[in-house]
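Encoded structure:
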């Protein structure tokens, strides 16, 4: 599944997520193990994917899954600003993104699930769409999409989108 970024227009809910998290600071950091990232990953897995096998990943499994790449990969962290010190504050989300010739590929994102009304996942995809626009890349790839999977339903909210069918990208109604 991919989003043609020039055709994408955020809906009301997505615009609300942008406003809600407009103060987050995105920072590209090295593709290396950070304990703080790993702790957030384990917390995310235990709440969003409990019993799925990844909620108790060892440090090595985490590193193999997300930190080993043979392509142009970026690790982006999103932090709430620390107004008391003017520095980077609490880690809210981490995203792994591959840079392709015609777009960005959203590999994996994990975030703080403790805030009931936060929309970090939505915000992150919107941030990636904006990065595509800034880099003049036409697509944001969201990976595989299984329409019947409730855990993948969020992807279809970024319209219009295209799905690969029999070797051809087919636009879905927006």
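Numbering (the working numbering), first residue to last: 30 to 203.
Where a beta carbon is used, it is the ideal one built from N, C-alpha and C, also for glycine.
As the structure is a computational prediction, the values presented were derived from the model and not from experiment.
Can you tell me the Cα-Cα spacing of residue 146 and residue 33, whole angstroms?
Against the chain shown, residue 146 aligns to sequence position 117. Against the chain shown, residue 33 aligns to sequence position 4. Approximately 28 angstroms between the Cα atoms of the pair.
Looking only at its chain, what residues have a beta carbon closer than 7 angstroms to the beta carbon of residue 199, apart from the 5 residues adjacent to it on each side?
Sequence index remark: in the chain shown, residue 199 carries index 170 (1-based). So the list reads 191 and 192, once near-sequence residues are dropped.
Cβ neighbour criterion (16 or more within 10 Å) applied to residue 169
As a first step, residue 169 must be located in the chain shown, where it is residue number 140. It is buried - the Cβ of residue 169 has at least 16 other Cβ atoms within 10 Å.
Can you tell which of 127, 131, 122 and 163 has the C-alpha that lies nearest to the C-alpha of residue 55?
Against the chain shown, residue 55 aligns to sequence position 26. Among 127, 131, 122 and 163, the Cα nearest to that of residue 55 is on 122.
Which value, in whole angstroms, describes the spacing of the CA atoms of residue 62 and residue 141?
Residue 62 sits at position 33 when you count from the first residue of the chain shown. Residue 141 sits at position 112 when you count from the first residue of the chain shown. Those two C-alpha atoms are separated by around 18 angstroms.
Which class does residue 82 belong to by DSSP, given the choice of helix, strand or coil?
Indexing the chain shown from 1 puts residue 82 at position 53. Note that residue 82 scores 49 on pLDDT, short of 50, meaning its location in the model is unreliable; the coordinates nonetheless yield the value given after this. In the structure shown, residue 82 sits in coil (DSSP, three-state: anything other than H, G, I, E or B).
If I'm right that residue 160 touches residue 120 with Cβ under 8 angstroms, what's the distance once you round it to whole angstroms?
Mapped onto the chain shown, residue 160 falls at position 131. Mapped onto the chain shown, residue 120 falls at position 91. Incorrect: roughly 19 angstroms between the Cβ atoms, too far for contact.
Beta-carbon within less than 7 angstroms of residue 43's beta-carbon, same chain only, minus the 5 sequence neighbours each way: which residues are those?
What you label residue 43 is simply residue 14 of the chain shown in a count that begins at 1. Taken in chain order, the residues that qualify are 151 and 155.
Alpha-carbon spacing of residue 108 relative to residue 72, whole angstroms:
One-based indexing of the chain shown puts residue 108 at position 79. One-based indexing of the chain shown puts residue 72 at position 43. Approximately 16 angstroms, taken between the alpha carbons.
Measuring straight from C-alpha to C-alpha, what distance separates residue 162 and residue 177?
Here residue 162 refers to the residue found at position 133 when the chain shown is read from its first residue. Here residue 177 refers to the residue found at position 148 when the chain shown is read from its first residue. About 30 angstroms.
Since I believe residue 149 is in contact with residue 66 (beta carbons under 8 angstroms), could you give me their beta-carbon distance rounded to a whole number of angstroms?
Along the chain shown, one-based indexing puts residue 66 at 37. Along the chain shown, one-based indexing puts residue 149 at 120. That pair is no contact at about 14 angstroms.
Reduced DSSP category for residue 150 - H, G, I as helix; E, B as strand; rest coil:
Numbered from 1 along the chain shown, position 121 holds the residue referred to as residue 150. Three-state DSSP puts residue 150 in a helix.
Would you check if the distance between the CB atom of residue 131 and the CB atom of residue 189 is smaller than 8 angstroms?
Translated into the one-based positions of the chain shown, residue 131 becomes position 102. Translated into the one-based positions of the chain shown, residue 189 becomes position 160. No, they are not a contact pair.
Would you kindly check if the distance between the Cβ of residue 138 and the Cβ of residue 124 is under 8 angstroms?
The residue labelled residue 124 in the question sits at position 95 within the chain shown. The residue labelled residue 138 in the question sits at position 109 within the chain shown. Result yes, Cβ atoms of residue 124 and residue 138 sit closer than 8 angstroms.
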